[in-house]
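Visitor: One line per chain: the protein sequences are A and B, in this order. Each residue of the first sequence is one higher than the last, beginning at 122 in this note's numbering. Each residue of the second sequence is one higher than the last, beginning at -5 in this note's numbering.
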Amino acid sequence: MINWLVRNSFQRLVLLVIVSIMAHAVVHLAPGEPSEVDPTNPRMKAEDVARIRAAFHLDDPIHLQYVRWLRDLASGDLKSFKDGQPVVEKIGQRFWNSLPLFLVATLLIWTLSFPTGIHAALRRGSVFDRSATLTAYALISIPGFCLAYLFIMFMVNVVGAPVIGMRTFGTEQASTMLQFMDRLWHLTLPALMLALGGIAVLSRYVRAQMLEVVGQDYVRTAIAKGLDRDRVIYGHALRNALLPFITMFGLMLPGLVGGSVIFEQIFAWPGIGRLGYEAILARDFPVILTINFIAAVVTLAGTFISDLLYAWADPRIRLQ
Amino acid sequence: MSDMPSANAELSAATSSSPARLAWARLQRDRLAMAGIAVLALLGLAALFGWLATSASSPWAVASLDPATVRLTDKLAAPMSAASALVSESERPFLGVYLMGTDELGRDVFARMLQGAPVSLLIGFVAVGIALVVGVLVGALAGYFAERTVLGLSIDTVLMRLTDAMLCFPTFFLILTVVALLPASIYNIMVVIGLTSWMSTARFVRAEVLSLRNRDFVAAARALGLGPARIIWAHVLPNTMSPVLVTATIGVATAILTESALSFLGFGVQPPDATWGNILADGKVFIFDAPWLFFIPGFAILAVVLAFNLVGEGLREALDPRLRHLREAAPAAIRTVRASGRKRTAMADGSSTAGQ
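#1: Nearest-angstrom Cα distance between valine 152 of chain B and proline 436 of chain A?
#2: Between isoleucine 328 of chain B and chain A, is the shortest Cβ-Cβ distance under 8 Å, so that the two count as touching?
#3: Just verifying my parser: in three-state terms, what is the DSSP assignment at phenylalanine 410 of chain A?
#4: If you measure between the beta carbons of leucine 161 of chain B and methionine 193 of chain B, is that distance less than 8 Å?
#5: In this structure, does DSSP put alanine 228 of chain B in helix, strand or coil?
#6: Among A:Thr420, A:Phe388, A:Leu185, A:Val382, which has the Cα closest to the Cα of phenylalanine 107 of chain A?
#7: Of all the residues that make up the stretch 403 to 429 of chain A, which are near chain B by a beta-carbon distance shorter than 8 Å?
#8: Does the beta-carbon of phenylalanine 282 of chain B have 16 or more other beta-carbons within 10 angstroms, so that it is buried, or is it exposed?
#9: Quick one: measure Cβ to Cβ for threonine 248 of chain B and valine 113 of chain B, integer angstroms, because I've assumed they're closer than 8 Å.
#10: What does a CB cutoff of less than 8 Å around glycine 123 of chain B pick up in its chain, not counting 5 residues either side in sequence?
#11: Shortest alpha-carbon distance to alanine 416 of chain A belongs to which of A:Arg244, A:Ile230, A:Ile212?
#12: Suppose you measure from the CA of alanine 40 of chain B to the CA of leucine 313 of chain B; what does that come to, to the nearest Å?
#13: Chain A partners of lysine 278 of chain B, CB-CB under 9 Å?
#14: Give the range of the alpha helix (DSSP H) segment to which leucine 402 of chain A is assigned.
#15: Can you have a look at leucine 42 of chain B and say buried or exposed, based on whether 16 or more other CB atoms are within 10 angstroms of its CB?
#16: How long is the line joining the alpha carbons of threonine 339 of chain B and leucine 363 of chain A, rounded to whole angstroms?
#17: Can you list, in chain order, the residues of the stretch 234 to 262 of chain A whose Cβ is nearer than 7 Å to any Cβ on chain B?
#18: Would you report the Cα separation of valine 418 of chain A and valine 408 of chain A, rounded to the nearest angstrom?
#19: Quick one: what's got a C-beta closer than 7 Å to aspartate 303 of chain A's C-beta in the same chain, skipping five residues either side?
#20: Which value, in whole angstroms, describes the spacing of the CA atoms of alanine 215 of chain B and alanine 253 of chain A?
#21: Please go through the same chain and pick out, in chain order, the residues whose beta-carbon is closer than 6 Å to the beta-carbon of leucine 320 of chain B, but skip the five residues on each side of it.
#22: In chain B, which residues lie with their C-beta within 9 Å of the C-beta of proline 143 of chain A?
#23: In its own chain, which residues sit with a C-beta less than 8 Å from the C-beta of glutamate 154 of chain A, not counting the 5 before and 5 after it?
#24: Report yes if the CB atom of leucine 136 of chain A is closer than 8 Å to the CB atom of alanine 140 of chain B, and no otherwise.
#25: Strictly under 8 Å for the Cβ-Cβ distance: is alanine 323 of chain B near chain A by that measure?
#26: Would you list the residues sitting across from proline 453 of chain A in a DSSP beta bridge?
#27: With 8 Å as the limit, tell me which residues of the stretch 250 to 261 of chain B have their beta carbon closer than that to any beta carbon of chain A; keep them in chain order.
#28: Considering only C-alpha positions, which residue in the set B:Ala32, B:Ala57, B:Asn303, B:Thr195 is nearest to alanine 105 of chain B?
#29: So alanine 174 of chain B and isoleucine 401 of chain A are supposed to be a Cβ contact under 8 Å. How far apart are they, rounded?
#30: Can you list, in chain order, the residues of the stretch 171 to 205 of chain B whose Cβ is nearer than 7 Å to any Cβ on chain A?
#31: Does the stretch 236 to 245 of chain B come within contact of the stretch 205 to 223 of chain B, defined as at least 3 CB pairs closer than 8 Å?
#32: Identify each residue in the stretch 289 to 301 of chain B for which the Cβ-Cβ distance to at least one residue of chain A is less than 7 Å, and report them in chain order.
#33: Using the Cα positions of alanine 62 of chain B and valine 279 of chain B, report the straight-line distance between them to the nearest angstrom.
#34: Is there contact between the stretch 285 to 295 of chain B and the stretch 244 to 259 of chain A, where contact requires at least three CB pairs shorter than 8 Å?
#35: Out of A:Val148, A:Val378, A:Ala282, A:Tyr258, point me to the one whose CA is closest to glycine 30 of chain B's CA.
#36: Report the rounded CA-to-CA distance for leucine 429 of chain A versus leucine 126 of chain A, giving the unit in angstroms.
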């Protein structure tokens, strides 16, 4: 067990280095440069470009730039190209804004897709199953922003849900409770939009997984013993059907960051995805690279926890 | 003589039960997948017609379907409205009617949709083609030469760690970064989408090849003196093709969606090239004033992507004998339980009995 932990952590560390080197290479070798953000600006002269390149050490060999980035990131000295603010602080602030969004979206995905999938599998071919299937397909087939616009039109007119920002302006003096409720209300639509795609995909997996498990011999045995139906479904079938989803949890994390780029843009949510988009527009390499790095760390940590949970949940698996 | 017809029937029965034909027969029973195929056939025709009729270099270009014709007098005309008298004879739309309305420059949306159809499809197919080539190559090499070592590391380890590393990236963020840094071009978008979506193909091709390479038919091929390249290409890979086909079909759908998301953020295919994604992204501003600019491309994308997804899922079920078995056997057991012995104790079912 200890052996596995050490070896696995080491492997993940190596993977993280590979990821960061790849990201660094891609960003630095691509033709776009911070000095070319505004190529039509007549005041930009050749010496200005040279000064910008020198200031950001863009003329150094690429491996030196990588080492500098890593060193600055570790020591917290990494500065944004755009405004000279410390990158870690900048991202940290935005990350705390995005976190509730990610948490609520994850919660929605996992709580809504399981009942839907299980119900659809147990009543295969029923009206519910077919409409759930078709809805799921429609949800993964429509461009995310298109669906978001339709939802905005509907929700604003019918429910009056807020669609801009994280809070109502001018509520700073209000009671904590009211502010909290206001935050939550603002979270509704963005989190739902971020979750919908995941719900569609995951509920299909749950359904397929349930269908596979209820055909197994041990389920037939349990039925033959005359056990209660709920007992068979939830005690025997579901428990075994759940196992693969432990792995999926870790792998779904980078998708949240990617999806947040679009949805934070739509809902003017000052989160990490929007920061990433702004950084891309400004060719702010340190911020782009660090967001990528954080996403990779989160993913690797997620799959690590998944592996541990898997071993804990399935006694057939030994970590060695 | 009297034996002949029955012998023929047997023969045709034998030929008609090839795996591909069986899969096709199964697919035909899947109504959703067949509807998807019908939509895709229509789309194919539309794309072909659009390519011939709207591209400037085509000898069959139809002047009334020129997507670039600007008619400022007829801007934001509703669908099915006739062209006004102010439009000159040479600039009149197809049949004199704006079938799908016009945009803010008075360009015919119908013509632009026709122009966009082949471009959107091309993005999907080229991106998936690249992803398949890379994925199959990486998977086959990692699986077949798993033990060979390079610099002390096995090929399998090297390639699979690379795949794992790629899976750690938030894909859309990576695509956006690269597309934004590269010069705006439709080819860059295809290549970048392709190079960021090969990982799942590589993983399952590797798994398949690992299990196939120790089979007798591969040993036989090796005994015949065939080289590894030929064994992989002619004997191993054909056996991994059905999941590849499924992934490819769904991959086209994903690529079309990715392109539209890029267009939304302003990094998609740039004008004058029209794709359904950028027509939709440009139309979002007019969602209240000219809803057709938003809804027509939106629902066109929905229909096409849905069709690709349904066909992909249909293929998955038709090509996988294991799933078919499950589909027939599984739920009956639970159903019998539901129908017959409902021996629930009052405690286990307390809430629902209380309700009754």
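Note that beta-carbon positions come from the ideal geometry of N, C-alpha and C, so glycine has one too. Keep in mind the model is a prediction, meaning the values are calculated, not measured.
Guide: Taking the definition as stated:
#1: On the second sequence, position 158 is the one that residue 152 of chain B refers to. On the first sequence, position 315 is the one that residue 436 of chain A refers to. A direct Cα-Cα distance of roughly 30 Å separates valine 152 of chain B from proline 436 of chain A.
#2: The sequence position of residue 328 of chain B within the second sequence is 334, counting from 1. Confidence in isoleucine 328 of chain B is poor, its pLDDT being 48 and thus under 50, which makes the residue's placement unreliable; the coordinate value appears in the next sentence. Against chain A, the CB of isoleucine 328 of chain B has a partner CB under 8 Å away; the residue lies at that interface.
#3: Locating residue 410 of chain A in the first sequence gives position 289, counting from the first residue. One detail in the question is off: residue 410 of chain A reads as leucine in this sequence, not phenylalanine. Three-state result, leucine 410 of chain A: helix.
#4: Within the second sequence, numbered from 1, the residue matching residue 161 of chain B stands at position 167. Within the second sequence, numbered from 1, the residue matching residue 193 of chain B stands at position 199. Yes; because the gap between Cβ atoms is below 8 Å, this pair is in contact.
#5: What you label residue 228 of chain B is simply residue 234 of the second sequence in a count that begins at 1. It is helical.
#6: Given that chain A is displayed from residue 122 to residue 441, the structure contains no residue 107 of chain A and the question cannot be resolved.
#7: Result list: Arg404, Ile409, Ile412, Asn413, Ala416, Ala417, Thr420, Leu421.
#8: Position 288 of the second sequence, counting from 1, holds the residue named residue 282 of chain B. Burial call: exposed.
#9: Position 254 of the second sequence, counted from the first residue, corresponds to residue 248 of chain B. Position 119 of the second sequence, counted from the first residue, corresponds to residue 113 of chain B. Incorrect: roughly 17 Å between the Cβ atoms, too far for contact.
#10: Taking the first residue of the second sequence as position 1, residue 123 of chain B is located at position 129. Contacts found: Gly188.
#11: The residue labelled residue 416 of chain A in the question sits at position 295 within the first sequence. Among A:Arg244, A:Ile230, A:Ile212, the Cα nearest to that of alanine 416 of chain A is on A:Ile212.
#12: Translated into positions along the second sequence, residue 40 of chain B becomes position 46. Translated into positions along the second sequence, residue 313 of chain B becomes position 319. Each residue's alpha carbon lies about 29 Å from the other.
#13: Against the second sequence, residue 278 of chain B aligns to sequence position 284. Ordered by position in chain A, the residues that pass the 9 Å Cβ test against lysine 278 of chain B are Phe266, Cys267, Tyr270.
#14: Numbered from 1 along the first sequence, position 281 holds the residue referred to as residue 402 of chain A. Note, leucine 402 of chain A: alpha helix (DSSP H), 393 to 403.
#15: Taking the second sequence and counting its residues from 1, the one referred to as residue 42 of chain B is at position 48. Leucine 42 of chain B should be labelled exposed.
#16: Residue 339 of chain B sits at position 345 when you count from the first residue of the second sequence. Residue 363 of chain A sits at position 242 when you count from the first residue of the first sequence. With a pLDDT of 33 at threonine 339 of chain B, under the threshold of 50, the predicted position of this residue should be treated as unreliable, though the coordinate-derived value follows. When rounded, the distance between both Cα atoms is 26 Å.
#17: Leu243, Arg245, Tyr258, Ala259, Ile261, Ser262
#18: The residue labelled residue 418 of chain A in the question sits at position 297 within the first sequence. The residue labelled residue 408 of chain A in the question sits at position 287 within the first sequence. Going from the Cα of valine 418 of chain A to the Cα of valine 408 of chain A covers about 15 Å.
#19: The residue labelled residue 303 of chain A in the question sits at position 182 within the first sequence. Counting only Cβ-Cβ distances below 7 Å, and skipping sequence neighbours, we find Arg288, Thr289, Thr292.
#20: Within the second sequence, numbered from 1, the residue matching residue 215 of chain B stands at position 221. Within the first sequence, numbered from 1, the residue matching residue 253 of chain A stands at position 132. The alpha-carbon atoms of alanine 215 of chain B and alanine 253 of chain A are separated by roughly 47 Å.
#21: One-based indexing of the second sequence puts residue 320 of chain B at position 326. Note that leucine 320 of chain B scores 49 on pLDDT, short of 50, meaning its location in the model is unreliable; the coordinates nonetheless yield the value given after this. None.
#22: Residue 143 of chain A sits at position 22 when you count from the first residue of the first sequence. Residue identity differs from the one stated: residue 143 of chain A is methionine in this sequence, not proline. Within 9 Å Cβ-Cβ: Leu156, Ala159, Met160, Phe163.
#23: Translated into positions along the first sequence, residue 154 of chain A becomes position 33. Its chain contains Arg174, Leu179, Arg404 as the residues whose beta carbon lies nearer than 8 Å to that of glutamate 154 of chain A, once the 5 sequence neighbours on both sides are disregarded; these appear in chain order.
#24: Here residue 136 of chain A refers to the residue found at position 15 when the first sequence is read from its first residue. Here residue 140 of chain B refers to the residue found at position 146 when the second sequence is read from its first residue. No, the pair does not count as a contact, with Cβ atoms beyond the cut-off.
#25: Here residue 323 of chain B refers to the residue found at position 329 of the second sequence. Low confidence applies to alanine 323 of chain B: its pLDDT is 42, below 50, so where it sits in the model is not reliable enough to give any reading.
#26: Here chain A has residues from 122 to 441 only, and residue 453 of chain A is not among them.
#27: Leu251, Ser254, Ala255, Phe258, Leu259
#28: One-based indexing of the second sequence puts residue 105 of chain B at position 111. Selected option, being the one with the closest Cα: B:Ala57.
#29: Stepping through the second sequence from its first residue, residue 174 of chain B is reached at position 180. Stepping through the first sequence from its first residue, residue 401 of chain A is reached at position 280. That pair is a contact at about 5 Å.
#30: Thr171, Val172, Ala174, Leu175, Leu176, Pro177
#31: Short answer: they don't touch.
#32: Gly292, Ile295, Leu296, Val299, Leu300
#33: Taking the second sequence and counting its residues from 1, one reaches residue 62 of chain B at position 68. Taking the second sequence and counting its residues from 1, one reaches residue 279 of chain B at position 285. The alpha-carbon atoms of alanine 62 of chain B and valine 279 of chain B are separated by roughly 20 Å.
#34: no
#35: Residue mapping note: residue 30 of chain B aligns to position 36 of the second sequence, counting from 1. Residue A:Tyr258 is the option with its Cα nearest to glycine 30 of chain B.
#36: In the first sequence, counting from the first residue as 1, residue 429 of chain A sits at position 308. In the first sequence, counting from the first residue as 1, residue 126 of chain A sits at position 5. About 9 Å.
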